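Heads up: the structure comes next, in structure tokens.
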Amino acid sequence: MVDKKGGETEMTAKQMQRILDEFQVEPGSVIPILQKVQQTFGYIAPQAVEKVSEYLKLTENEIYGVASFYSQFRFIPKGRHSITVCLGTACHVRNGGILLEALERLLEIRTGECTADKRFDLEAVACLGCCALAPVLKIDGDIFGNMAVIKIKELLEKFE
Amino acid sequence: MQKLVMQSKVEWQALHRPDHTRIYLGMASCGRAAGSEQVKETILGLLKKHKIAAQLIEVGCIGPCYLEPLMDIAAFGNPRISYSNVNPAKAKLIIEKHLLKGEYVRHLAVGHFGTVPIDDLPGFFTLPMLKSQVRIVLKNCGFIDPENIRHYLAQDGYGGLEKALSLTPDQVIEEITRSGLRGRGGAGFPTGKKWQICRAVSDGPKQIICNADEGDPGAFMNRSLLESDPHAVLEGMLIAGYAIGASAGTIYIRAEYPLAIKRLKIAIKQMKDIGLLGERILGSDFSFHLKIKEGAGAFVCGEETALIQSIEGKRGMPRTKPPFPAVSGLFGKPTVINNVETLGTVPHILRHGPAWFKQFGVEGNSGTKTFSLVGKVRRTGLIEVPLGTTLKKIIQDIGGGPQKTFKAVQTGGPSGGCLPEELLDTQVTYETLAAAGSIMGSGGLIVMDQDTCVVDVARYFLDFIQKESCGKCTSCRVGTRHMVEILERICNGDGAIDDLNKLESLAKTVKSTSLCGLGQTAPNPVLTTLRYFRNEYVEHVVDKYCPALVCRSLIEYYVIPEKCTGCQRCVSVCPSGAITGPRSEPHNLDIAKCIKCRACLEICRFDAIAGNAIAIRTREEK
């Protein structure tokens, strides 16, 4: 959302306005608006919080207070591909944590971060609900089951 | 409406004509994760190529996850035959043999759905995993197309609503009360009583909320039901709405369940189209509207007062009760919050009556309960059993027993407890599980074997809870944090024997001084493991020994020279350069450099010439 070029900023401003117009000015709209913002821009930028605050007549602090409570919201941009490692119980006992560690090592980032070339961002989640296939990880929309440390490198090569 | 039901039934019968070729594919999230999308593409390609006239029906989850992807074929007057663990290559073979040559593929088939025997092929519901189950809530799952309301109508869907509308709201509540149905979210509050309290409040407008914020790691019952039979839950909401006098309903669902959300949206649209939502439903005075609210990822929002805060756009922090939500809930109005499975059960009770429902289960715990059976058990999946079934029956008969030596079963997710082998004769009821120190919870059952370290599991659950604590109560916010620190110390081999007492005392404090269910149940994993597996804690603390060889500070990797052929596969995958050695000679593993990442272990087991030449043992000295 943070654009250098004037034209793009104008476009995001328009998109932002379109999102806000979908919702009524009431406290219950905070979370749905933030969800839509994240769905559209990939993350919640400071400028977006400013706009939401103006629209709902709530302080920016109040918006951040709500947004930071929920694990869904992220405040840094996404990579081209998003990797989510499941750390649910079934995955934990089948070494999901070691899988996450291997990804951190391979991508040279920590969980919650994005690689310098913007190729991947990495997150962990409490459960993807595919426990029978543990350990699992998700890249963009696809779930990969029965994962192993030695399968990661080859899998990542499929995503540019 | 009756006309539509008749039409749907006629269509359903036509669909099941013996000469109508059908292919069923399990397309719930778990099926998809196992690869059913690729199988679907293969099937569609082959049907086109060979010009086969067959209908592909995408169904939900039938339960046995370990057999996914499941692909069933009904053709040439034969009943539906089920093939398991299908991949594109197997799908090709099955289509070519079964549909082109008319011979079913015996070695890939697992069961049939017919009434007459087919060779030695077992009936699907006589398979060990399914034989002991009683399917009420899951009855339609895997049989109907969840995106087609007519399939649901053909199963007498919305018949429960029609019955309800023919009764007064008080009579509906009476039916539910008499059935003995209790909240399936885990707390077990009598559903009829909850409705009664809300009905009695004169304030309005009232609301019904479906709690689909299934947050327990290792639990997926609600997701499967919503993906496989969404109308059952929505019908339950309508009945609840009519009973308590609400004209609006909200489904609060995890954003992590995109397929369930998609199917709910489709279902709601279909309901509107045929007048099952809106004003004066089925010609009655009852009007009802539904909307979906996506949760934003907070475990505590499964607690009903926190859930309400979240819908109101606030931080999801629980508040004191009373007033109960049934009296003062969403935006201060009377609100009933029921779990997905509770609501999914309601239409069946209305349709068949409370006496029918009570024949399942035991006194005080009537009906069935769904569980997601996962972990180190042979047959994993979604199951439904009468309440009162023993843990042993679930794990041994349905789950096929543990893969190795049984150690514990965890019920009730992160708020539940780990129960040992001695307690496997425990009947699964709300009360017996609580007496054993665990809880019913929403229905996760995780089996652990000798390779699972109970101290590590307790640390894992506490770490989860500590991160999900909303921070309102000091004992939960700070107490769980200290408990995690102590558990980490023990797992790292730095624990002292006094730590066990500290842990126990902290656990009791957190349990007794937290406001909501999250804090009150948070110490359960620690308390039960200390109670049933204290020896394993002592081994960690005194002997610096982890019998399951899990705690990484207490183990080391090593090469078994007699087995190693020196194929160098492990050398190539080791990220830290810990393994060295010339080709064709046993390799060296430098413990000082090893980061215990498992890469060598995996590659040796699956890809190397020798196999299993790398192993884990207790660390010699700390």
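Chains as they are written, first to last, in the numbering used here: chain A, 287 to 446; chain B, 21 to 642. Glycine included, every Cβ here is placed at the ideal spot set by N, Cα and C. From a predicted model like this one, the values you see are computed outputs, not experimental measurements.
{"query": "Any C-beta of chain A under 7 Å from that of B/C496", "result": "no"}
{"query": "Minimum Cβ-Cβ distance from A/A376 to chain B less than 7 Å", "result": "yes"}
{"query": "Residues of the stretch 551-576 of chain B with Cβ closer than 7 Å to any Cβ of chain A, in chain order", "result": "none"}
{"query": "Residue burial classification, A/M297 (beta-carbon count within 10 angstroms, cutoff 16)", "result": "exposed"}
{"query": "Inter-residue CB distance, B/S330 and A/I317 (contact presumed, cutoff 8 Å)", "result": "7 Å"}
{"query": "Residues that B/V467 bridges to, as DSSP identifies them", "result": "B/G395, B/V429"}
{"query": "Between the CA atoms of B/S222 and B/L370 - distance to the nearest angstrom", "result": "25 Å"}
{"query": "C-beta atoms of B/Y178 and B/E247 nearer than 7 Å", "result": "no"}
{"query": "B/T270 versus B/I301: straight-line alpha-carbon distance, rounded", "result": "18 Å"}
{"query": "Short CB-CB distance (under 7 Å) between A/S339 and chain B", "result": "no"}
{"query": "Length-filtered (4 minimum) alpha helix (DSSP H) runs lying within the stretch 100-156 of chain B", "result": "108-114, 148-151"}
{"query": "Presumed contact (8 Å Cβ cut-off) between B/G401 and A/A418, rounded CB distance", "result": "6 Å"}
{"query": "Neighbourhood of B/N512 by C-beta, 7 Å cutoff - its chain only, sequence neighbours within 5 removed", "result": "S573"}
{"query": "C-alpha distance - A/K291 paired with B/M460, whole-angstrom precision", "result": "Annotation note: pLDDT 48 at A/K291 (below 50); position unreliable, no value reported."}
{"query": "C-alpha distance - A/N432 paired with B/A612, whole-angstrom precision", "result": "30 Å"}
{"query": "Cβ-Cβ separation, A/L320 to A/F359 (assumed contact under 8 Å), whole Å", "result": "6 Å"}
{"query": "B/Q75: first and last residue of the uninterrupted beta strand (DSSP E) it sits in", "result": "75-79"}
{"query": "Chain B contact for A/I319 (CB, 7 Å cutoff)", "result": "no"}
{"query": "Span of the alpha helix (DSSP H) around B/C496", "result": "494-511"}
{"query": "Where A/V422 meets chain B, residues with beta-carbon distance less than 8 Å", "result": "A53"}
{"query": "Alpha-carbon spacing of A/E409 relative to B/K282, whole angstroms", "result": "24 Å"}
{"query": "Beta-carbon neighbours of B/G317, restricted to chain A and to distances below 7 Å", "result": "Y356, S357, Q358"}
{"query": "A/F406 vs A/G374 beta-carbon contact at 7 Å", "result": "no"}
{"query": "Boundaries (first-last residue) of the beta strand (DSSP E) holding B/V320", "result": "Note, B/V320: premise wrong, no beta strand (DSSP E); not H, not E."}
{"query": "Residues in the stretch 597-623 of chain B having any Cβ partner in chain A nearer than 7 Å", "result": "C617, R618, A619, E622, I623"}
{"query": "Span of the beta strand (DSSP E) around B/L444", "result": "That residue, B/L444, is in no beta strand (DSSP E); it is neither H nor E in DSSP."}
{"query": "Identity of the residue in B/L119, B/L87, B/A94 nearest B/C107 by Cα", "result": "Note that residue 107 of chain B is Asn in the sequence shown, not Cys. It is B/L87."}
{"query": "Cβ pair B/V320, B/G336 closer than 7 Å", "result": "yes"}
{"query": "Given 8 Å, three or more beta-carbon pairs between the stretch 467-483 of chain B and the stretch 528-541 of chain B", "result": "no"}
{"query": "Test: A/A412 CB closer than 7 Å to a CB of chain B", "result": "yes"}
{"query": "B/M26, buried or exposed, once every other Cβ within 10 Å from all chains shown has been counted against 16", "result": "exposed"}
{"query": "At least 3 beta-carbon pairs within less than 8 Å: the stretch 344-364 of chain A vs the stretch 426-442 of chain A", "result": "no"}
{"query": "8 Å contact criterion, which B/P237 and A/C413 should meet: CB distance rounded", "result": "4 Å"}
{"query": "Within-7 Å CB hit, A/Q324 to chain B", "result": "no"}
{"query": "For B/L120, the nearest candidate out of B/P137, B/L128, B/F96, B/F133 (CA to CA)", "result": "B/F96"}
{"query": "Burial state of A/M287, where buried means 16 or more other Cβ atoms lie within 10 Å", "result": "Caution is warranted here: a pLDDT of 49 is assigned to A/M287, below 50, making its placement in the model unreliable, and the coordinate value is therefore given only provisionally. So A/M287 ends up on the buried side."}
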